[in-house]
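Trainee: Residue numbers (full-length UniProt numbering): 1 to 505.
This is the structure:
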């Protein structure tokens with residue numbers, strides 16, 4: 001093999017030369033996510049009825065900003081109220097996209113395909129976030145004639161200005177599973193995600209009117225509350241099994257309300273008291289789903305401060321560490337609360353304290369922020385603080401219970417320095433591995449560095465797999481000798497063997 005350039009190039013070390021060292025001060029693997037809410041135009045699009053080009057520019061700007069912060073996963077709400085932000089759907093286009101429910105974008109495009117493509121270009125996971133229980137939202141202005149609340153009105157319960165699905169009906173549960181399978185089948189999503197809406201949050205003066213359904217289907221249960229929980233459990237289990245059958249590599253996760261149960265109701269509950277409970281009030285047994293392995297990750301919404309009297313942050317997170325079950329645990333952080341008229345949320349300090357604690361706690365695999373708007377450049381400086389804290393890249397944690405892709409050992413084919421000092425790195429892999437490789441990690445070492453793959457400070461870049469495998473290291477010091485190595489990443493972020501270490505003098 002002939003190498004271009006006047007600089008000498010030598011092959012150094014085999015895979016055994018890469019040594020594990022003491023843990024890096026920051027993790028190489030950490031989930032860093034953000035929710036991008038579409039309902040009521042919270043985050044995107046900024047308003048109804050924008051042109052397709054404006055919608056596209058807005059989401060690209062959001063993704064660009066989050067990429068600069070070190071975010072490696074986005075949760076985009078693509079089904080807000082039995083509607084769709086994607087083309088291949090049995091449900092009508094969303095009002096919050098085009099201004100009128102059922103009206104397609106103009107000029108026509110598929111927003112979901114567009115967002116997935118641009119998230120993946122930036123090496124971000126894309127989780128399709130669907131609302132589980134909502135037929136209509138109280139702020140909706142238009143309902144299409146073919147909307148499910150009109151074609152199947154008997155499926156819905158009226159509650160506090162909303163129409164919510166009656167989960168006690170088997171046909172309702174099947175319909176929701178089918179919506180999920182359709183999405184997984186037709187789109188290259190990395191994950192399916194549901195938030196904390198199951199049975200509705202309690203509202204004074206309102207009752208869930210499902211007694212007739214209970215009498216018809218709940219004969220095995222002496223209490224309607226247990227029957228409701230069983231309805232949700234069946235739905236979560238069925239969705240989990242359907243995703244695994246259709247595409248086992250797709251992740252499934254849920255973001256429940258922070259409190260499963262409090263100790264004043266259950267000795268196995270958290271050290272909280274008097275708090276709303278996912279189990280008792282929303283009929284969502286979130287701990288069970290984690291224990292049974294129905295979800296690949298649990299992402300509790302711990303939107304409370306360290307000093308909160310009822311649900312203090314740290315005891316709540318520590319409870320979830322002990323009860324995270326078979327999957328990963330990520331923690332939802334309420335960054336939207338910055339600026340509230342409370343001492344704890346006056347600035348970005350509370351959020352950054354929670355981020356640091358999540359990184360330090362064994363058993364917590366990452367943080368997810370609600371919502372996107374709070375991470376955009378503003379006066380409260382969270383954007384700047386996160387950019388400093390996440391200054392080194394992180395790969396999402398590997399889910400070793402899912403099928404790993406076979407990965408090649410890349411071969412560096414060219415390493416040259418241009419007249420300006422920029423280093424050109426080219427590499428290749430066997431063609432039979434192309435379909436499995438999502439990205440490459442480029443490691444760079446200088447004199448005195450430990451040759452380890454464990455320290456993210458050695459990661460120069462994570463680049464998407466494309467036909468032309470080349471990277472220009474514009475940060476290289478023209479007076480510095482470097483060594484480079486490259487690894488391949490699979491869809492689920494499993495990492496293959498590193499290339500031979502190449503030295504550039």
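A virtual CB, placed ideally from N, CA and C, is assigned to each residue, including glycine.
Terminal residues of the continuous alpha helix (DSSP H) containing residue 135?
Mentor: Residue 135 -> not in any alpha helix (DSSP H); beta strand (DSSP E) instead, spanning 134-136.
Trainee: Roughly how far, in whole angstroms, is the beta-carbon of residue 344 from the beta-carbon of residue 305, given that I think they are within contact range, below 8 angstroms?
Mentor: With 8 angstroms as the limit, residue 344 and residue 305 qualify as a contact, their Cβ atoms being about 4 angstroms apart.
Trainee: Can you name the start and end residues of the alpha helix (DSSP H) that residue 67 belongs to?
Mentor: Residues 52-69.
Trainee: From what residue to what residue does the beta strand (DSSP E) around residue 73 run?
Mentor: Start and end: 73-79.
Trainee: Out of curiosity, what's the CA-to-CA distance linking residue 123 and residue 75?
Mentor: Approximately 14 angstroms, taken between the alpha carbons.
Trainee: What first and last residue would you give for the beta strand (DSSP E) that runs through residue 473?
Mentor: First-last of the beta strand (DSSP E) with residue 473: 470-473.
Trainee: Leaving out five residues before and five after residue 418 in sequence, what residues of the same chain have Cβ atoms less than 8 angstroms from its Cβ?
Mentor: 424.
Trainee: Helix or strand or just coil, what does DSSP make of residue 299?
Mentor: In the structure shown, residue 299 sits in coil (DSSP, three-state: anything other than H, G, I, E or B).
Trainee: Taking the alpha-carbon positions, what's the residue 135 to residue 314 distance?
Mentor: Cα to Cα, the separation comes out at about 35 angstroms.
Trainee: Could you have a look at residue 485 and say whether DSSP puts it in helix, strand or coil?
Mentor: Residue state, collapsed to three classes: strand.
Trainee: Say whether the segment 209-224 touches the segment 163-176, bearing in mind that this needs 3 or more beta-carbon pairs closer than 8 angstroms, one atom from each stretch.
Mentor: Cβ pair count under 8 angstroms is three or more, so yes.
Trainee: Can you tell me which of 251, 279 and 273 puts its alpha carbon nearest to the alpha carbon of residue 260?
Mentor: Answer by Cα proximity: 279.
Trainee: Who are the near neighbours of residue 173 in its chain, counting only those whose CB is closer than 8 angstroms to its CB and skipping five residues on each side?
Mentor: Here the set comprises 167, 231, 234, 235 and 238.
Trainee: For the alpha helix (DSSP H) containing residue 520, list its first residue and its last residue.
Mentor: In the structure as shown, the chain starts at 1 and stops at 505, and residue 520 therefore has no counterpart that could be examined.
Trainee: With DSSP run on the structure shown, which of helix, strand or coil describes residue 112?
Mentor: Of the three classes helix, strand and coil, the one that applies to residue 112 here is helix, per DSSP.
Trainee: In this structure, what does DSSP give as the bridge partners for residue 192?
Mentor: DSSP output for residue 192 lists 128 and 252 as bridge partner(s).
Trainee: Residue 131 to residue 291, Cα distance in whole Å?
Mentor: Distance between the alpha carbons of residue 131 and residue 291 is about 23 angstroms.
Trainee: In whole angstroms, what is the alpha-carbon distance linking residue 321 and residue 301?
Mentor: Using only the alpha carbons, I get a separation of about 14 angstroms.
Trainee: Determine the DSSP secondary structure at residue 294, reduced to helix, strand or coil.
Mentor: It is coil, neither helix nor strand.
Trainee: Can you name, in chain order, every residue of its own chain whose Cβ lies under 7 angstroms from the Cβ of residue 114, other than the five neighbours on each side?
Mentor: Only 56 meet the Cβ criterion.
Trainee: Would you report the Cα separation of residue 263 and residue 312, rounded to the nearest angstrom?
Mentor: Computed Cα separation, rounded: 14 angstroms.
Trainee: Could you check what DSSP says for residue 370 in three-state terms: helix, strand or coil?
Mentor: Coil.
Trainee: Going by DSSP in three states, residue 118 sits in which element: helix, strand or coil?
Mentor: Helix, per DSSP.
Trainee: Does the segment 481-499 touch the segment 394-412, meaning 3 or more C-beta pairs lie closer than 8 angstroms?
Mentor: Taking 8 angstroms as the limit for Cβ pairs, the verdict is that the segment 481-499 does touch the segment 394-412.
Trainee: Check whether the Cβ atoms of residue 208 and residue 201 sit closer than 8 angstroms, and answer yes or no.
Mentor: Not in contact: residue 208 and residue 201 (Cβ atoms no closer than 8 angstroms).
Trainee: Return helix, strand or coil for residue 401, following the three-state DSSP convention.
Mentor: Residue 401: coil per DSSP, three-state reduction.
Trainee: Quick check: what's the CA-CA separation for residue 249 versus residue 341?
Mentor: Roughly 43 angstroms between the two C-alpha positions.
Trainee: So does the segment 79-95 actually touch the segment 379-386, counting three or more Cβ pairs closer than 8 angstroms?
Mentor: Contact between the segment 79-95 and the segment 379-386 is absent, because fewer than three Cβ pairs lie under 8 angstroms.
Trainee: Please go through the same chain and pick out, in chain order, the residues whose beta-carbon is closer than 6 angstroms to the beta-carbon of residue 67, but skip the five residues on each side of it.
Mentor: The residues are 122.
Trainee: With DSSP as the reference, please indicate the residues paired to residue 446 in a beta bridge.
Mentor: Residue 446 is bridged to 482.
Trainee: Compute the Euclidean distance between the alpha carbons of residue 11 and residue 501, then round it to the nearest angstrom.
Mentor: Because the pLDDT of residue 11 is 34, which lies under 50, any placement of that residue in the model is unreliable, and the number read from its coordinates should be weighed accordingly. Between residue 11 and residue 501, the C-alpha separation is close to 6 angstroms.
Trainee: Let's test the definition: count the other Cβ atoms within 10 Å of the Cβ of residue 61 and tell me whether it reaches 16, buried, or not, exposed.
Mentor: Answer is exposed; the Cβ neighbour count stays below 16.
Trainee: Could you check the C-alpha separation between residue 363 and residue 189 for me, to the nearest Å?
Mentor: Near 26 angstroms, if we compare the C-alpha coordinates of residue 189 and residue 363.
Trainee: Let me know if residue 348 comes out buried or exposed under the rule of 16 or more other beta-carbons within 10 Å of its beta-carbon.
Mentor: Residue 348 should be labelled buried.
Trainee: To test your reading of the DSSP string, which unbroken beta strand (DSSP E) runs of 3 or more residues are found completely within the segment 306-381?
Mentor: As far as the segment 306-381 is concerned, its whole beta strand (DSSP E) runs of at least 3 residues are 331-333 and 366-369.
Trainee: For residue 458, which option in 467, 333 and 448 has the closest C-alpha, if you only look at C-alpha atoms?
Mentor: Among 467, 333 and 448, the Cα nearest to that of residue 458 belongs to 448.
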